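Below: one structure, written as structure tokens.
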Amino acid sequence: MRAITQKTFGGPEVLELVDDAPKPAPGPTQVLVRVRATSVNPVELFVRSGVFPLLGEPPFVLGWDVSGVVEQVDPGVHRFKVGDEVYGMPYFPAAAGANAEYLVAPARQLARKPAGISHEEAAALPLVGLTAWHALVEIAQLRPGQRVLIHGAGGGLGHVAVQLAKHLGAEVIGTASAAKHDFLRELGADQLVDYRTQDYTEVLQNAPVDVVLETLGGGNAERSFGVLRQGGVLVTAVERLSTTLPELAEQSGVRFAAVGVEPDPRGLEAVTQLVEAGRLRVHLQQVFPLERLPKAHEVLAAGGVQGKLAITV
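Per our numbering, residue 15 is the first one in the sequence shown, and the count goes up by one each step.
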């Protein structure tokens, strides 16, 4: 089968298309999926470069987000049948190998693909959708009427979190470049701060928020403690291992929590229901063929992506 592999750590140029990668076979509890699409997330850039050697030393095949068609099932699997359209982010943070024509995955780490959207749109959802769900629903327990500040609101995780927060009845404030403001208003954002010309700590000085979702790093978490109400919560997707942020949060009278995403069929099914109800959509800035995956890594690394980048397999 065709797959994108890498033999060493480095830049996008280390990603190599091969035609003779071994086709996997499903084992107990698993299904074989013919991959129709995948997507690119920041974590893959860090793993590829060796900054975050999550999968150990190369060679390996990157990719977690997947949407495709079940081609073979283990005899003990009854959740899906051959021909079913499925999506998910299996195995994370272990290797899934979604940047290939086929992958195998535990049946209970996948869900039925939302009806009415393309495989590319479906493949862009699992990692960011589940991260937003875990952060806002399970950790922050966001409630109607609360105010939430979402950093990087126009990015992959951010634009999904904006929609989920609105569905939960919250008032949504987002930081994003001015070029993304109209887009985010269409998604339901109530207030937007252009981080290039405005300081969100000054804008929100007299209007504190109940929840902050931090997706950027670079000192945003420390600064965001100052805009939280007493008893509020800051959830970070990027500084999970910080040893100083929990102490700073305690000193500020707020709660600090790191979100770590993992395969979650119930959460994914909840995301599916929101998509099918028209309450959540993923925006694709660009779709690349598999052989141009290195270019997709370059585009994501350059920053400023609105929504997600998808890969057609």
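Yeah, the Cβ is synthetic: ideal placement off N, Cα and C, and Gly gets one too. From a predicted model like this one, the values you see are computed outputs, not experimental measurements.
**Rounded straight-line distance, which links the Cα of Gly231 to that of Thr326** = Counting from one through the sequence shown, the residue named residue 326 turns up at place 312. Counting from one through the sequence shown, the residue named residue 231 turns up at place 217. For Thr326 and Gly231, the distance between alpha carbons rounds to 30 Å.
**Message:** Using 8 Å for Cβ pairs, my map puts Thr229 next to Leu288. What's the rounded Cβ distance?
**Reply:** For the purposes of this step, residue 229 is identified with residue 215 of the sequence shown, where counting begins at 1. For the purposes of this step, residue 288 is identified with residue 274 of the sequence shown, where counting begins at 1. Not quite, the Cβ-Cβ distance comes to about 19 Å (not below 8 Å), so this is no contact.
**Request:** Determine the extent of the beta strand (DSSP E) in which Ala125 is found, giving its start and end residues.
**Result:** Locating residue 125 in the sequence shown gives position 111, counting from the first residue. Counting along the chain, the beta strand (DSSP E) containing Ala125 begins and ends at 124-126.
**Request:** Report all residues from its chain with a CB closer than 8 Å to the CB of Val83; omit the five preceding and five following residues, and keep chain order.
**Result:** Against the sequence shown, residue 83 aligns to sequence position 69. Only Val47, Arg48, Arg50, Gly97, Asp98, Glu99, Val100 meet the Cβ criterion.
**Asked** Quick one: what's got a C-beta closer than 6 Å to Ala135's C-beta in the same chain, skipping five residues either side?
**Response** The residue you call residue 135 lines up with position 121 of the sequence shown. Reading the sequence as shown, one finds Glu at residue 135 and not Ala. Only Val296 meet the Cβ criterion.
**Prompt:** Which residue from Leu139, Arg269, Ala109 puts its Cα closest to that of Ala284?
**Reply:** Start at 1 with the first residue of the sequence shown, and residue 284 comes out as number 270. Looking at the Cα atoms, Leu139 is the closest of the given residues.
**Request:** Could you say which of Lys309, Gly169, Ala119, Leu68 lies nearest to Val91 if we only look at CA atoms?
**Result:** The residue you call residue 91 lines up with position 77 of the sequence shown. Of Lys309, Gly169, Ala119, Leu68, the residue nearest in Cα terms is Ala119.
**Request:** Measure the C-alpha to C-alpha separation of Asp224 and Asp33 and round it to an integer number of angstroms.
**Result:** Within the sequence shown, residue 224 is the residue found at index 210, counting from 1. Within the sequence shown, residue 33 is the residue found at index 19, counting from 1. Rounded to whole angstroms, Asp224 to Asp33 spans 51 Å at the Cα level.
**Message:** Give the list of continuous alpha helix (DSSP H) stretches no shorter than 4 residues that lie fully inside the stretch 131-205.
**Reply:** 133-137, 140-146, 170-181, 195-201
**Item:** Option in Gln20, Leu314, Gly321 with minimal Cα separation from Gln299
**Value:** Reading the sequence shown from its first residue, position 285 is the one you call residue 299. Selected option, being the one with the closest Cα: Gly321.
**Request:** Measure from the alpha carbon of Gly25 to the alpha carbon of each residue in Pro42, Lys127, Val65, then state which is nearest.
**Result:** Walking along the sequence shown from the start, residue 25 turns up at place 11. Of Pro42, Lys127, Val65, the residue nearest in Cα terms is Val65.
**Prompt:** Going straight from the alpha carbon of Leu294 to that of His181, what length do you get?
**Reply:** Within the sequence shown, numbered from 1, the residue matching residue 294 stands at position 280. Within the sequence shown, numbered from 1, the residue matching residue 181 stands at position 167. Each residue's alpha carbon lies about 8 Å from the other.
**Item:** Unbroken stretches of the beta strand (DSSP E), 3 residues or longer, contained in the stretch 215-252
**Value:** 223-228, 242-250
**Asked** How should Asp213 be labelled, buried or exposed, when 16 other C-beta atoms within 10 angstroms of its C-beta is the threshold for buried?
**Response** The count along the sequence shown starts at 1 and reaches residue 213 at position 199. With fewer than 16 other Cβ atoms within 10 Å, it is exposed.
**Request:** Tell me, to the nearest whole angstrom, how far the beta carbon of Gly168 is from that of Ser191; I am working on the premise that it is less than 8 Å.
**Result:** Here residue 168 refers to the residue found at position 154 when the sequence shown is read from its first residue. Here residue 191 refers to the residue found at position 177 when the sequence shown is read from its first residue. Right, their Cβ atoms sit about 7 Å apart.
**Prompt:** Is DSSP giving Leu46 helix, strand or coil here?
**Reply:** By one-based count along the sequence shown, residue 46 stands at place 32. Leu46 falls in the strand class under three-state DSSP.
**Asked** Does the Cβ-Cβ distance between Tyr116 and Pro67 come in under 7 Å?
**Response** Counting from 1 along the sequence shown, the entry for residue 116 is found at position 102. Counting from 1 along the sequence shown, the entry for residue 67 is found at position 53. Not closer than 7 Å, so no.
**Item:** Own chain partners of Ile153 with C-beta closer than 8 Å, once the 5 adjacent residues on each side are dropped
**Value:** Numbered from 1 along the sequence shown, position 139 holds the residue referred to as residue 153. If we look at Ile153 and ignore the five residues flanking it on each side, its Cβ neighbours are Val247, Val249, Ala271, Val273.
**Prompt:** For Thr19, which three-state DSSP category applies?
**Reply:** Position 5 of the sequence shown, counted from the first residue, corresponds to residue 19. Three-state DSSP puts Thr19 in a strand.
**Message:** Is it buried or exposed, Gly240, if we count other Cβ atoms within 10 angstroms and call 16 or more buried?
**Reply:** Position 226 of the sequence shown, counted from the first residue, corresponds to residue 240. Under this definition Gly240 is an exposed residue.
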